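4 protein chains.
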Amino acid sequence: MEEPAAPETARHERADSAANHERILAAARDVFARRGLDAEIKEIADRAGVGVGTLYRHFDSRDGLLRALILQTHDDLLQRLRAAADTQDAADALRAVIHAATDVYRQFGALTEVALAGRLDHLRPDGHEELTAAFTGLLRRGVADGTFRADLDIPMMIAALESVFTSGKVVRLVAERGYAGAAAAISDFFLHACLAASADPGRARST
Amino acid sequence: MEEPAAPETARHERADSAANHERILAAARDVFARRGLDAEIKEIADRAGVGVGTLYRHFDSRDGLLRALILQTHDDLLQRLRAAADTQDAADALRAVIHAATDVYRQFGALTEVALAGRLDHLRPDGHEELTAAFTGLLRRGVADGTFRADLDIPMMIAALESVFTSGKVVRLVAERGYAGAAAAISDFFLHACLAASADPGRARST
Amino acid sequence: MEEPAAPETARHERADSAANHERILAAARDVFARRGLDAEIKEIADRAGVGVGTLYRHFDSRDGLLRALILQTHDDLLQRLRAAADTQDAADALRAVIHAATDVYRQFGALTEVALAGRLDHLRPDGHEELTAAFTGLLRRGVADGTFRADLDIPMMIAALESVFTSGKVVRLVAERGYAGAAAAISDFFLHACLAASADPGRARST
Amino acid sequence: MEEPAAPETARHERADSAANHERILAAARDVFARRGLDAEIKEIADRAGVGVGTLYRHFDSRDGLLRALILQTHDDLLQRLRAAADTQDAADALRAVIHAATDVYRQFGALTEVALAGRLDHLRPDGHEELTAAFTGLLRRGVADGTFRADLDIPMMIAALESVFTSGKVVRLVAERGYAGAAAAISDFFLHACLAASADPGRARST
DNA sequence: AATGAATGAGGCTTCATTCAT
DNA sequence: TATGAATGAAGCCTCATTCAT
Numbered sequence: 000m001e002e003p004a005a006p007e008t009a010r011h012e013r014a015d016s017a018a019n020h021e022r023i024l025a026a027a028r029d030v031f032a033r034r035g036l037d038a039e040i041k042e043i044a045d046r047a048g049v050g051v052g053t054l055y056r057h058f059d060s061r062d063g064l065l066r067a068l069i070l071q072t073h074d075d076l077l078q079r080l081r082a083a084a085d086t087q088d089a090a091d092a093l094r095a096v097i098h099a100a101t102d103v104y105r106q107f108g109a110l111t112e113v114a115l116a117g118r119l120d121h122l123r124p125d126g127h128e129e130l131t132a133a134f135t136g137l138l139r140r141g142v143a144d145g146t147f148r149a150d151l152d153i154p155m156m157i158a159a160l161e162s163v164f165t166s167g168k169v170v171r172l173v174a175e176r177g178y179a180g181a182a183a184a185i186s187d188f189f190l191h192a193c194l195a196a197s198a199d200p201g202r203a204r205s206t
Numbered sequence: 000m001e002e003p004a005a006p007e008t009a010r011h012e013r014a015d016s017a018a019n020h021e022r023i024l025a026a027a028r029d030v031f032a033r034r035g036l037d038a039e040i041k042e043i044a045d046r047a048g049v050g051v052g053t054l055y056r057h058f059d060s061r062d063g064l065l066r067a068l069i070l071q072t073h074d075d076l077l078q079r080l081r082a083a084a085d086t087q088d089a090a091d092a093l094r095a096v097i098h099a100a101t102d103v104y105r106q107f108g109a110l111t112e113v114a115l116a117g118r119l120d121h122l123r124p125d126g127h128e129e130l131t132a133a134f135t136g137l138l139r140r141g142v143a144d145g146t147f148r149a150d151l152d153i154p155m156m157i158a159a160l161e162s163v164f165t166s167g168k169v170v171r172l173v174a175e176r177g178y179a180g181a182a183a184a185i186s187d188f189f190l191h192a193c194l195a196a197s198a199d200p201g202r203a204r205s206t
Numbered sequence: 000m001e002e003p004a005a006p007e008t009a010r011h012e013r014a015d016s017a018a019n020h021e022r023i024l025a026a027a028r029d030v031f032a033r034r035g036l037d038a039e040i041k042e043i044a045d046r047a048g049v050g051v052g053t054l055y056r057h058f059d060s061r062d063g064l065l066r067a068l069i070l071q072t073h074d075d076l077l078q079r080l081r082a083a084a085d086t087q088d089a090a091d092a093l094r095a096v097i098h099a100a101t102d103v104y105r106q107f108g109a110l111t112e113v114a115l116a117g118r119l120d121h122l123r124p125d126g127h128e129e130l131t132a133a134f135t136g137l138l139r140r141g142v143a144d145g146t147f148r149a150d151l152d153i154p155m156m157i158a159a160l161e162s163v164f165t166s167g168k169v170v171r172l173v174a175e176r177g178y179a180g181a182a183a184a185i186s187d188f189f190l191h192a193c194l195a196a197s198a199d200p201g202r203a204r205s206t
Numbered sequence: 000m001e002e003p004a005a006p007e008t009a010r011h012e013r014a015d016s017a018a019n020h021e022r023i024l025a026a027a028r029d030v031f032a033r034r035g036l037d038a039e040i041k042e043i044a045d046r047a048g049v050g051v052g053t054l055y056r057h058f059d060s061r062d063g064l065l066r067a068l069i070l071q072t073h074d075d076l077l078q079r080l081r082a083a084a085d086t087q088d089a090a091d092a093l094r095a096v097i098h099a100a101t102d103v104y105r106q107f108g109a110l111t112e113v114a115l116a117g118r119l120d121h122l123r124p125d126g127h128e129e130l131t132a133a134f135t136g137l138l139r140r141g142v143a144d145g146t147f148r149a150d151l152d153i154p155m156m157i158a159a160l161e162s163v164f165t166s167g168k169v170v171r172l173v174a175e176r177g178y179a180g181a182a183a184a185i186s187d188f189f190l191h192a193c194l195a196a197s198a199d200p201g202r203a204r205s206t
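Chains as they are written, first to last, in numbering that gives the first Met the number 0: chain A, 0 to 206; chain B, 0 to 206; chain C, 0 to 206; chain D, 0 to 206.
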């Protein structure tokens with residue numbers, strides 16, 4: 000009703016706004032990833048190339064922005080982990096999951112910590128369960144088909160996996176061995192920890 | 000026994016002051032552990048039962064207090080890990096190390112993170128190297144005597160170990176399984192990851 | 000007249016901000032002048048009609064503000080003294096210098112003290128030398144042309160002049176005799192102290 | 000009653016206390032003179048070699064101590080100025096007064112400022128009038144006997160004199176010329192400013 | 001009476017959020 | 001709608017004063 004004769008302008012504005020929205024999210028990911036969750040709003044706005052007022056038009060508060068990012072990180076993570084976990088062979092699936100998580104960590108840095116650490120229950124009830132379920136399914140499948148050892152302590156295995164991606168160690172590993180090297184090292188380590196003793200030891204070798 | 004002939008009166012005030020010093024340190028450990036490193040000075044002072052001025056008489060600044068605690072945590076950790084690492088059998092030693100670290104984490108919470116995370120280089124140069132060395136020595140010994148597998152990726156193993164104690168997962172594990180249960184689960188997991196294939200699988204079982 | 004073709008809208012915010020900047024400076028001059036250099040930031044902000052945060056947007060710290068004011072006072076003083084010292088006749092020039100300094104003191108109060116007292120070497124190296132040079136030039140000129148006595152102790156004369164404007168006595172004199180009366184009394188006094196004996200005694204009389 | 004058999008001890012304690020009293024006053028003079036009136040209580044107590052508690056037993060508050068010192072400075076100053084002003088010849092008397100004031104300034108530093116600046120009306124009503132009266136009497140006497148010029152602006156002359164001792168310039172002069180040189184320079188300057196034109200110009204020369 | 005550790009009000013400064021332009 | 005200047009609550013720290021020893 001209000002934009003009868005200028006759909007193009009109106010659409011353009013929306014496009015601008017949407018672009019700003021994305022730029023703010025990207026900037027926030029970047030800044031939170033590098034500076035940690037205490038980063039200042041001003042730095043995010045600057046990096047996004049907008050004023051703080053604009054940032055607040057898109058997100059109602061600092062916590063609102065953080066929440067949006069954490070949920071987004073969580074969603075992204077969950078989707079990629081689920082996809083990776085679908086890989087046929089359980090050992091390959093675990094490797095794929097670890098590669099995916101390494102990549103997410105590279106992108107989301109400190110945000111991964113919260114998304115993965117099981118502290119987001121107040122943001123998304125069952126958020127952590129969803130992630131856990133993805134891992135659990137994969138591990139159970141591997142145990143069932145004899146790929147993983149029968150006495151594997153699945154919650155402990157998941158805790159260890161989450162720890163590596165939550166502790167900041169990945170950045171160090173990536174810095175020392177590069178992205179592929181870090182993912183390979185992590186994969187090998189965890190495969191050793193969970194492969195059945197009878198399994199071909201070669202399976203713990205990375206590609 | 001320690002001060003057999005100590006005069007009681009002249010030194011009493013100092014004893015009070017020393018007691019306050021300890022109470023402040025304890026309160027700070029507690030509050031930093033629970034609230035994280037952003038905790039407020041006032042809360043620490045309150046919990047110690049002293050005024051902020053008293054806290055500042057004992058520690059020159061917020062950062063000074065934090066630094067003291069982190070160094071103390073680091074020292075405590077280092078000492079206990081070295082002691083545990085001395086255990087004869089390499090597998091037993093690894094278990095002892097993990098039990099010790101679990102205990103330190105329980106006491107120092109969030110402070111363990113910094114002390115263990117390799118971010119204290121500006122506080123104590125080579126601080127992280129000292130910790131790493133303690134782990135490395137133990138693992139090399141185990142590899143040398145055939146307890147651990149020959150192809151063990153020692154840096155990765157250490158990274159994973161540090162991660163578990165740095166990520167906050169330990170509190171969750173302790174909450175779910177109790178102190179002994181958590182330490183046992185962690186031990187079992189890491190032993191599985193590093194024991195030689197020929198080793199008695201039963202060794203990965205906790206006591 | 001000053002900005003004939005200035006666009007009005009785009010620059011308006013800046014004009015507001017600049018106005019605040021000036022209001023803060025003016026308020027700070029006022030408050031420091033009356034309350035001394037220990038005045039509280041809050042009082043300055045209040046008097047400027049802004050919040051403390053705004054004050055800190057314009058000046059990075061209490062000392063930054065003070066520094067800016069002292070340098071400004073010094074610059075103002077130096078410029079006006081130099082201009083007055085240019086007056087043809089040396090006796091008239093001294094009178095003009097004293098009138099100018101009286102006016103500066105009226106405006107800057109306690110700030111004049113620091114600007115004139117030779118304590119700003121860390122803010123502006125040679126700051127005091129610049130002021131001294133302005134006085135010295137004038138006095139030497141008067142001695143050279145026979146207006147001032149040949150044995151005039153120039154450093155002592157300058158010290159006495161600076162003292163009067165540095166000691167707070169000027170405010171009292173102004174209060175008692177008004178601005179013109181105070182300047183005249185100071186001028187007469189110092190002319191008596193430096194005029195050559197042969198000089199027409201009437202020259203020490205003010206206008 | 001309580002000290003029947005040990006008058007010596009009792010007297011000794013009083014002597015100790017009195018000694019402390021003096022040491023605190025001396026330390027306070029020293030510290031206030033050097034650091035200015037914002038000096039910290041702790042520094043004074045340290046320099047006096049007593050605890051802050053002892054300082055507070057002798058002076059009810061920081062302001063109480065400051066008040067005592069200012070009044071003491073004022074009394075000392077007044078007494079010495081009066082004595083000096085009694086000198087027969089008015090010119091000699093002015094010189095004596097200036098020497099005395101230089102000496103007081105050397106001893107009391109920043110305290111002289113307040114004692115001389117006429118800001119102590121709330122501490123001692125008419126305090127400033129007493130000082131002014133001492134100067135005024137001397138100057139009137141000189142004018143009456145023809146030593147000083149008839150048109151001397153006595154309040155202005157006094158203001159200038161007070162200024163020199165109030166502005167901190169004396170320390171600089173003393174630093175550059177030594178104690179005797181500074182006093183001589185100040186004397187010469189002020190004598191030039193007030194001596195009668197017919198007077199022997201040589202009288203403005205210092206000893 | 002002397003000591004100095006303890007106290008806490010009050011100052012300076014930061015930064016999330018608001019709002020006039 | 002975008003901007004960024006303005007705001008002020010809240011945290012850190014200092015130091016005059018009190019008080020237990």
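Heads up, the beta-carbon is just placed ideally off N, CA and C, and yes, glycines get one too.
Quick caveat: nothing in here was measured; it's all calculated off a predicted structure.
Taking D/Leu76 as reference, the option from D/Ala183, D/Gln106, D/Ala184, D/Asp91 with the minimal CA-CA separation is D/Gln106.
At a cut-off of 8 Å between beta carbons, D/Thr165 contacts chain C. Here DSSP, grouped into helix, strand and coil, assigns C/Phe164 to helix. Of the other Cβ atoms in all chains shown, 16 or more fall within 10 Å of the Cβ of A/Lys168; this residue is therefore buried. Straight across, the Cα-Cα distance linking C/Ser186 with C/His98 is about 8 Å. Bounds of the alpha helix (DSSP H) holding D/Arg81 are 61–84. Straight through space, the alpha carbons of C/Lys41 and C/Ala17 are spaced by roughly 20 Å. Counting every other CB atom within 10 Å of its CB across the protein chains shown gives B/Asp125 a total below 16, marking it as exposed.
For C/Ala132, no chain D residue has a Cβ inside 8 Å of its Cβ, as the nearest lies near 17 Å away. Not flagged as an interface residue toward chain B: A/Phe31, since no C-beta distance is shorter than 8 Å.
Proximity of C/Glu161 to chain D, defined by a Cβ-Cβ separation below 8 Å, is satisfied.
Within the stretch 114–166 of chain C, the runs of alpha helix (DSSP H) at least 4 residues long that lie entirely inside it are, in chain order, 126–143, 153–165. Chain D has a Cβ within less than 8 Å of the Cβ of C/Ala158. In this structure, DSSP gives B/Leu194 an extended state, which the three-state scheme calls strand. Here A/Ser60 is exposed. Its C-beta has fewer than 16 other C-beta atoms within 10 Å. Using a Cβ-Cβ cut-off of 8 Å, D/Ile97 does not count as an interface residue toward chain C, since no Cβ of chain C sits closer than that to its own.
The closest CA to that of D/Val113, considering only D/Asp29, D/Arg66, D/Asp45, is found on D/Arg66. Between C/Arg22 and C/Gly48, the gap from beta carbon to beta carbon is short of 8 Å. Relative to the Cα of C/Ala192, the nearest Cα in the group C/Ala158, C/Ala116, C/Asp37, C/Ala179 belongs to C/Ala158. Secondary structure at A/Ala38: coil, using DSSP grouped into helix, strand and coil. Residues of chain A whose Cβ lies closer than 7 Å to the Cβ of B/His191 are, in chain order, Ala192. Between C/Leu190 and C/Leu93, the CB-CB gap stays under 8 Å. By the criterion of a C-beta distance shorter than 8 Å, B/His20 is surrounded in its chain by His57, once the five residues flanking it on both sides are discounted.
In the DSSP annotation of this structure, the continuous segment of the alpha helix (DSSP H) that includes A/Val96 starts and ends at 89–107.
Its chain contains Val96, Ala99, Ala100, Leu130, Ala133, Phe134 as the residues whose beta carbon lies nearer than 8 Å to that of C/Leu80, once the 5 sequence neighbours on both sides are disregarded; these appear in chain order.
About 6 Å separates the beta carbons of D/Ala32 and D/Ala109, which is inside the 8 Å limit, making them a contact pair. Within the same chain, Cβ atoms closer than 7 Å to the Cβ of B/Gly145 are found at Ala195, the five residues on either side in sequence being excluded. Nearest Cα to D/Asp37 within the set D/Leu151, D/Asp62, D/Ala14: D/Asp62. Not a single C-beta of chain A is nearer than 8 Å to the C-beta of B/Lys41. Membership of A/Val49 in any alpha helix (DSSP H) is not indicated, and neither H nor E is assigned to it by DSSP.
Contact of C/Leu172 with chain D by beta-carbon distance below 9 Å involves Pro154, Met155, Ala158. Look at the stretch 85–114 of chain C: it has no residue with a C-beta under 7 Å from a C-beta of chain D. Within the same chain, Gly126, His127 come within 7 Å of B/Asp120 by CB-CB distance, once the 5 residues on both sides are set aside. Of the candidates D/Asp15, D/Leu64, D/Asp150, D/His73, D/Leu64 places its Cα closest to the Cα of D/Ala26. Below the 9 Å Cβ cutoff, chain A contributes no neighbours of B/Asp62, its closest Cβ being approximately 15 Å away.
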